[in-house]
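Peer 1: Top line first, the protein sequences correspond to chains A and B. Positions 9 to 219 (the working numbering) are the ones given, in order, by the first sequence. Positions 8 to 17 (the working numbering) are the ones given, in order, by the second sequence.
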Amino acid sequence: MNVFRILGDVSHLLAMILLLLKIWRSKCCTGISGKSQILFALVFTTRYLDLFTNFVSLYNTVMKVIFLLCAYLTVYMIYGKFRKTFDSENDTFRLEFLLVPITGLSFLENYSFTPLEILWTFSIYLESVAILPQLFMISKTGEAETITTHYLFFLGLYRALYLANWIWRYHTENFYDQIAVVSGVVQTIFYCDFFYLYVTKVLKGKKLSLP
Amino acid sequence: LVAKTPHDEL
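Now the structure itself:
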């Protein structure tokens with residue numbers, strides 16, 4: 009465990025809690041893509057099946073359970089408790105365009121052809137694109153609430169910190185997880201455009217709105 | 008590809 013990894017995990021957790029608090033306090037989930045949140049719940053579900061087969065550390069187990077709970081609670085808030093405020097008309101990204109190629113790829117490129125390992129690979133590939141419905145929604149409506157942009161910032165920061173973690177682990181432990189690294193780079197690239205808008209607009213006190 | 012199981016990251 010290095011400082012980049014722990015900061016990455018904290019940043020990931022902070023992003024999820026921020027989103028939950030935003031929805032809970034405003035009793036409103038307008039502007040949040042329910043599809044992205046379903047994808048994240050699917051990511052954690054397929055990745056953390058090893059909770060039952062493999063013990064890494066108490067930290068690892070506790071964080072996995074918290075991530076799962078947060079993901080499902082968020083989905084429940086959007087499609088259950090506050091569904092009247094859910095802006096489904098702007099959440100129109102076609103999930104099959106992501107799920108079909110990613111399912112195919114996880115069968116083709118994996119570390120071993122076993123059900124758990126294919127599901128793990130699927131979750132890694134899926135996480136790298138899971139934010140696309142959210143970014144698509146923002147580009148469609150042309151704006152995002154400031155708190156939503158903070159959520160996206162911490163989610164992107166988590167990915168960037170994991171890249172630093174992998175560089176660190178490569179040099180100190182000779183650890184190199186090719187599938188995770190390639191997907192992580194792809195995922196981080198998706199946030200670059202958003203990072204630019206975040207720094208040039210949101211941090212200067214302006215609302216994020218697209219021209 | 009090198010196997011990296013069990014996975015120790017989140």
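Just so it is clear, CB atoms sit at the ideal spot from N, CA and C, and this is done for glycine as well.
1) Any C-beta of chain A sitting closer than 9 Å to the C-beta of residue 17/B?
2) With three or more C-beta pairs closer than 8 Å as the rule, is the stretch 71-81 of chain A touching the stretch 42-57 of chain A?
3) Quick one: Cα of residue 159/A to Cα of residue 189/A, how far?
4) Name the residue from 51/A, 139/A and 183/A whose alpha carbon lies nearest to the alpha carbon of residue 201/A.
5) Between residue 127/A and residue 54/A, how many whole angstroms is the CB-CB distance? I'm expecting something under 8 Å.
6) On the premise that residue 151/A lies in contact with residue 89/A, defined as a C-beta separation below 8 Å, what is that separation, rounded to the nearest angstrom?
7) Cβ of residue 217/A less than 9 Å from any chain B Cβ?
8) Is the Cβ of residue 75/A closer than 9 Å to any Cβ of chain B?
9) Inspect the beta-carbon positions of residue 143/A and residue 198/A and report whether they are closer than 9 Å.
10) Does residue 217/A come out as helix, strand or coil in the three-state DSSP assignment?
11) Bridge partners of residue 152/A, per DSSP?
12) At 7 Å on the CB atoms, spell out the chain B contacts of residue 24/A, in chain order.
13) Counting only Cβ pairs nearer than 8 Å, list the residues of chain B close to residue 10/A.
14) In chain order, what residues of the same chain lie with their CB nearer than 8 Å to the CB of residue 16/B, ignoring the 5 residues before and after it?
15) Verify the CB distance criterion: does residue 128/A have a CB-CB separation below 9 Å to chain B?
16) Which whole-angstrom value is the C-beta distance of residue 25/A and residue 86/A, which I expect to be below 8 Å?
Peer 2: To lay it out plainly:
1) For this step, residue 17/B is matched to residue 10 along the second sequence. It does: the Cβ of residue 17/B has a partner Cβ on chain A nearer than 9 Å.
2) yes
3) Translated into positions along the first sequence, residue 159/A becomes position 151. Translated into positions along the first sequence, residue 189/A becomes position 181. One C-alpha to the other measures close to 23 Å.
4) For the purposes of this step, residue 201/A is identified with residue 193 of the first sequence, where counting begins at 1. Considering only alpha carbons, the answer is 139/A.
5) On the first sequence, residue 127/A is found 119 positions in, with the first residue counted as 1. On the first sequence, residue 54/A is found 46 positions in, with the first residue counted as 1. The Cβ separation is near 4 Å, so the contact holds.
6) Position 81 of the first sequence, counted from the first residue, corresponds to residue 89/A. Position 143 of the first sequence, counted from the first residue, corresponds to residue 151/A. The C-beta separation of residue 89/A from residue 151/A comes to about 24 Å, leaving the pair out of contact by the 8 Å criterion.
7) One-based indexing of the first sequence puts residue 217/A at position 209. Output row for residue 217/A: interface = no.
8) The residue given as residue 75/A occupies position 67 in the first sequence. Yes, contact with chain B.
9) Working through the first sequence from its first residue, we reach residue 143/A at position 135. Working through the first sequence from its first residue, we reach residue 198/A at position 190. Yes, Cβ-Cβ distance for residue 143/A and residue 198/A is below 9 Å.
10) For this step, residue 217/A is matched to residue 209 along the first sequence. Here residue 217/A sits in strand by DSSP.
11) Residue mapping note: residue 152/A aligns to position 144 of the first sequence, counting from 1. According to DSSP, which records beta bridges pairwise, residue 152/A is partnered with 216/A.
12) Mapped onto the first sequence, residue 24/A falls at position 16. Residues of chain B passing the Cβ test: none, with the nearest at roughly 12 Å.
13) The residue labelled residue 10/A in the question sits at position 2 within the first sequence. What residue 10/A touches in chain B: nothing, since even the nearest Cβ is about 11 Å away.
14) Here residue 16/B corresponds to residue number 9 of the second sequence, with the count starting at 1. Closer than 8 Å at the Cβ level, and outside the excluded window around residue 16/B, lies no residue.
15) In the first sequence, residue 128/A corresponds to position 120, counting from 1. The beta carbon of residue 128/A sits closer than 9 Å to some beta carbon of chain B.
16) Taking the first residue of the first sequence as position 1, residue 25/A is located at position 17. Taking the first residue of the first sequence as position 1, residue 86/A is located at position 78. Going by Cβ atoms, the distance from residue 25/A to residue 86/A rounds to 16 Å, so no, they are not a contact pair.
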